[in-house]
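Engineer:
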Amino acid sequence: MLSYLSAYGDWFGPLRLLHYNSVRTIGAAITALVIGFIIGPWLIRRFRELKFGHDYIDERTGALGATYFDKRHTPTMGGLIIFIAVFFSSVLWAEPNIWVFVALLVYTLLTIPGWRDDYLKVVHKNKDGIKSWEKIAWQSATAVIALGILLWHPLSAGKIRELWVPFVKTAVIQYMPWWLLLMLIYLWIVGFSNAINLTDGLDGLAVGCTITVALVFGIMAYVAGRVDFSGYLLISHVVGAGELTVVCGALIGACMAFLWYNSHPAEVFMGDTGSLALGGLIGVMAFMIHQPVTLLLVGGVFVLEAVSVILQVGWFKFTKRRSGVGQRLFLMAPIHHHFQKKGWPESKVVLRFWVLSLGCALAGLATLKLR
219 MLSYLSAYGD WFGPLRLLHY NSVRTIGAAI TALVIGFIIG PWLIRRFREL
269 KFGHDYIDER TGALGATYFD KRHTPTMGGL IIFIAVFFSS VLWAEPNIWV
319 FVALLVYTLL TIPGWRDDYL KVVHKNKDGI KSWEKIAWQS ATAVIALGIL
369 LWHPLSAGKI RELWVPFVKT AVIQYMPWWL LLMLIYLWIV GFSNAINLTD
419 GLDGLAVGCT ITVALVFGIM AYVAGRVDFS GYLLISHVVG AGELTVVCGA
469 LIGACMAFLW YNSHPAEVFM GDTGSLALGG LIGVMAFMIH QPVTLLLVGG
519 VFVLEAVSVI LQVGWFKFTK RRSGVGQRLF LMAPIHHHFQ KKGWPESKVV
569 LRFWVLSLGC ALAGLATLKL R
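Every position in the sequence shown, counted from 1, becomes a number in our numbering once 218 is added.
1. For the region 506-540, which segments carrying the alpha helix (DSSP H) assignment without a break, of at least 4 residues, lie completely within its bounds, in sequence order?
2. Smallest Cα separation from SER350: which of GLY561, MET506, ASN412, THR428?
3. If you run the structure through DSSP and keep just helix, strand and coil, what is LEU452?
4. For ILE262, which three-state DSSP category applies?
5. Thinking TRP396 and VAL390 are a contact (beta carbons under 8 Å), I'd like their distance in whole angstroms, please.
6. Just how far apart, CA to CA, sit GLY258 and PHE265?
7. Exposed or buried, LEU365, counting other C-beta atoms within 10 Å across all chains shown (16 or more means buried)?
8. Classify ASP421 as buried or exposed, calling it buried when 16 or more other Cβ atoms lie within 10 Å of its own Cβ.
9. For PRO384 versus THR585, is the C-beta spacing smaller than 8 Å?
10. Cβ of GLY245 less than 8 Å from any chain C Cβ?
11. Given this structure, state the Cα-to-Cα distance separating ARG334 from THR491, to the nearest angstrom.
12. Using CA coordinates, which residue listed in VAL386, PHE487, VAL543 is at the minimum distance from GLN509?
13. Less than 8 Å between the CB atoms is what I'm expecting for GLY471 and THR326, so what's the real figure, rounded?
14. Where does the unbroken alpha helix (DSSP H) through ASP336 begin, and where does it stop?
15. Going by the DSSP bridge assignment, what does LEU381 pair with across the sheet?
16. Terminal residues of the continuous alpha helix (DSSP H) containing ARG570?
17. Return the CA-CA distance between ASN344 and LEU338, expressed in angstroms with no decimal places.
18. What does a CB cutoff of less than 6 Å around ALA355 pick up in its chain, not counting 5 residues either side in sequence?
19. Please name the residue, chosen from PHE505, ILE507, HIS554, LYS538, that lies closest to THR525 on a Cα-to-Cα basis.
20. Where does LYS269 land, buried or exposed, given buried means 16+ other C-beta within 10 angstroms?
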């Protein structure tokens, strides 16, 4: 919205700066940070008044549940803080185009089932929340809607069909069929939506890793949107994708504000309201700037968490079918709970996973140069 004011630069010189998305990215980050600090305390206080917290000690956590005794009444639905800050900051600072629209649409659509899941848990005391098939159906519908819009819009219809992978100078597939496109966008939106949801089990873990991922994809979106930089680095040039840098800036600012309240001991949890939507937002942005494979590296912590659950469940079922007694690969999954059961303090697990996330982020950035 504010980008249109750059047209009045002759009347007031500093307005010309709004033409540069680098300036607007900084503005979006600061705005989201301020919004988060303003609405955060009010929402947390309101959640406490409404008793929007749930008991973490149940039959599924086992002995580990005792370590969560002090978290029983910590309010959830804190993802609304991030959503409000990201949405309004992005609308204010980003120049409207198809990429920004789809990113914010996916983010909004996935916030809805997350909020409903949290609402059922804390208000109706339904520990399971919404049914698994409902969640998957909503995520799947979101992926289909996003792809339909991208294939319909003239700016994205042709470009979105290209498939790029790291270390290769050109697109490995110039024109993907619709079914392959649908499979990819489904895997990345639904997959990372659930991956961040699984990661959100310790104070500050998911949101801290999200900051590093958003920083990397903000840089990648900026490079993809510049014909000179993308040409030099031999990556896909996506016209208008630079505006996703502004969205990433807003996401970084919002997550920093949320981390202020979510750091150990957390005053609020993001809940499914935040985790499901954040994963979908990151997944669709990576898909749109032709860096889906790179996300597997940059979001390595999220991938590790999801894979640990898949391996744990798969191995347990396999051994139970084979010998009658199910065996576990890890003490507990997702894998951050495995390290907790080994005796690591929660803060140590979180900090070490942040370090791992930063390493994955740097490795992902290195792929821009390695062609």
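Quick reminder that beta carbons are idealized off the backbone N, C-alpha and C, glycines included.
Structural biologist: Inspection of the coordinates gives the following:
1. 510-516
2. Checking every option, the nearest Cα to that of SER350 belongs to ASN412.
3. coil
4. If DSSP states are grouped into helix, strand and coil, ILE262 belongs with the helices.
5. At roughly 18 Å, the Cβ-Cβ gap does not stay under 8 Å, so TRP396 and VAL390 are not in contact.
6. 10 Å
7. buried
8. buried
9. yes
10. The displayed structure is made up of one protein chain only, and chain C is not part of it.
11. 8 Å
12. VAL386
13. Actually they do not touch by this definition, with Cβ atoms about 18 Å apart.
14. Start and end: 316-340.
15. ILE391
16. 564-584
17. C-alpha of ASN344 to C-alpha of LEU338: approximately 6 Å in a straight line.
18. none
19. For clarity, residue 525 is Val in the given sequence; the question names Thr instead. Out of PHE505, ILE507, HIS554, LYS538, HIS554 has the C-alpha closest to the C-alpha of VAL525.
20. When all chains shown are included, LYS269 counts as exposed.
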